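Heads up: the sequence shown begins at 1 in full-length UniProt numbering, then just goes up one per residue.
Glycine is no exception: its CB is placed at the ideal position from the N, C-alpha and C atoms.
Source: prediction; values computed, not measured.
One structure is given here, and the rest of the page talks about it.
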Amino acid sequence: MTDPTDTTPATVPTALAVRDPYTFRELPAGATTSADGRPLPAGWSDSHVHCVAMAGARASGKSLYTAVMVKQLEQLAARFNRVVDAADISTQERYRSFYETPLYREMKHMPATPPASTADAYQRDPLIFSLGRWTGPDGVTRKHHLVFRDVAGEDLENLPTDPTELEFFRYADLVVFLFDPLRVPQIRTRLRGLIPPQAMSGGDPEDVLRNIFGLLGETRPKLAVTVSKFDTLQRLSETADGPWSQIMGNSGAAFRRDSGWSFDPADQWLLHLEIESLLRYMEADRLVNLINRDYVWAPGEAEPPALNPERWQYFAVSALGESPRGEQLSRHGIAPYRILDPVRSILSRWNVFETAGH
Ligand SMILES: Nc1nc2c(ncn2[C@@H]2O[C@H](COP(=O)(O)OP(=O)(O)OP(=O)(O)O)[C@@H](O)[C@H]2O)c(=O)[nH]1
Ligand SMILES: [Mg+2]
């Protein structure tokens, strides 16, 4: 059985595959262009590339997560005297106009991401960031890149007629599936009066998950099942509602603490168990059972494993830290919570943002 707190990769390959940032697929060794002939950033073929795809229903928080995750990564890098920056002009421009400007300059939330088939689908190309040079568990120092794909919830609720557009999911290293707690009627009811009224949320997360499993087929990229907008649930600790205020007010729980800038596998293991029980308590049992049955339960096993962090893990995040009022974000600013945990769960295997390299 896998030790859930051990994040060292099972095997440390000596030669890393060159990845196509557009399709996430492997390219021939030494490739300098993508499969469709676009030039790759300098030094790409010697770099370790981590490919991440966002998933979730409409309005589950994918784009805000993306915007804030990048900012947090920049701040984390600064603590290691490193720089995280856009690896191409297109990433720089799109990140600035579609993510950074609305959120950090105009302090507004962003419009729904357009379906990939539309002309203005800015997310059709990935966001590519250079993470700097890090020494891996194999003792080799190399460049690392993060390739990040935001996706329109609309495309995941109703798969496009040509599903090859979403084929990159099959080759991702990590799929971050966001679950919006405001979709749960009992949570919405309990939060009435505690948070400003929120616009109606997107489709059924279970349908989205089934669609994603359909897209993934037999492939098993790591699935980060992530409760988004966790700030809303944290407000429940202020209610007089017995069980919910007790659960959310439990000061011993891992989810009560932000992980700060550290990433601790033991803390993540606790969080995983807590979020699984929380989902069940939210009456999202079917979602948890679906994940167990269709994703984590390998043939021949008597029951699904408690955790195999190579396969799936539960997380909780908040991009904003507080609910927006209408169009406008909170005047207190953006206070992210545990935003980097899912991404760091794959980066830490390679000691990226773990130990000082060269
Ligand atoms: N309280 C709270 N609300 C959030 C948070 N993140 C997102 N939201 C709310 O959820 C709305 C939708 O967020 P988006 O990031 O645009 O959602 P999306 O998943 O990208 O949606 P599509 O592009 O339609 O797929 C935002 O406008 C906010 O109102 C959060 O961390 N906390
Ligand atoms: Mg979006």
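Straight-line gap, residue i to residue j (C-alpha atoms, nearest Å)
i	j	result
residue 209	residue 56	8 Å
residue 215	residue 17	23 Å
residue 26	residue 257	39 Å
residue 31	residue 313	33 Å
residue 321	residue 28	43 Å
residue 333	residue 324	10 Å
residue 254	residue 54	24 Å
residue 271	residue 295	20 Å
residue 343	residue 61	16 Å
residue 1	residue 106	With a pLDDT of 43 at residue 1, under the threshold of 50, the modelled position of this residue cannot be trusted; read the value that follows with caution. Computed Cα separation, rounded: 49 Å.
residue 293	residue 287	10 Å
residue 85	residue 74	8 Å
residue 161	residue 171	20 Å
residue 167	residue 88	23 Å
residue 305	residue 225	16 Å
residue 197	residue 228	17 Å
residue 96	residue 181	29 Å
residue 327	residue 108	6 Å
residue 193	residue 329	18 Å
residue 13	residue 77	At residue 13, the pLDDT of 48 sits below 50, so the modelled position is not reliable; the number obtained from the coordinates is stated separately. Looking at the two C-alpha atoms, the distance is approximately 25 Å.
residue 113	residue 157	13 Å
residue 116	residue 190	36 Å
residue 127	residue 207	27 Å
residue 22	residue 284	34 Å
residue 346	residue 147	13 Å
In DSSP terms, what residue i is bridged to
i	result
residue 98	Residue 98 pairs with nothing; no bridge assigned.
residue 54	176
residue 26	19
residue 149	53
residue 315	226
residue 186	Bridge partners of residue 186: none, in fact.
residue 85	130
residue 122	DSSP, once it has assigned bridges, lists no residue as partnering residue 122.
residue 337	318
residue 351	Answer is none; residue 351 lacks a bridge partner.
residue 33	39
Whole-number beta carbon distance between residue j and residue i, since they are thought to touch under 8 Å
i	j	result
residue 267	residue 259	6 Å
residue 316	residue 275	5 Å
residue 145	residue 131	6 Å
residue 282	residue 176	Wrong, their Cβ atoms sit about 19 Å apart, outside the cutoff.
residue 142	residue 133	7 Å
residue 52	residue 174	5 Å
residue 67	residue 103	5 Å
residue 110	residue 340	Not quite, the Cβ-Cβ distance comes to about 20 Å (not below 8 Å), so this is no contact.
residue 337	residue 231	7 Å
residue 20	residue 35	5 Å
Where the alpha helix (DSSP H) containing residue i begins and where it ends
i	result
residue 281	265-281
residue 78	62-79
residue 45	Run containing residue 45: none; DSSP gives neither H nor E here.
residue 343	341-347
residue 168	Premise fails: residue 168 is in no alpha helix (DSSP H) and is neither H nor E.
residue 288	285-291
residue 213	205-216
Coil, strand or helix - residue i by DSSP
i	result
residue 195	strand
residue 225	strand
residue 38	coil
residue 250	coil
residue 232	helix
residue 161	coil
residue 91	helix
residue 325	strand
residue 142	strand
residue 103	helix
First and last residue of the uninterrupted beta strand (DSSP E) at residue i
i	result
residue 132	127-135
Closer than 7 Å: residues whose CB approaches a heavy atom of ligand 3: With respect to ligand 3, the structure shown offers nothing to examine, as its ligands consist of ligand 1 and ligand 2.
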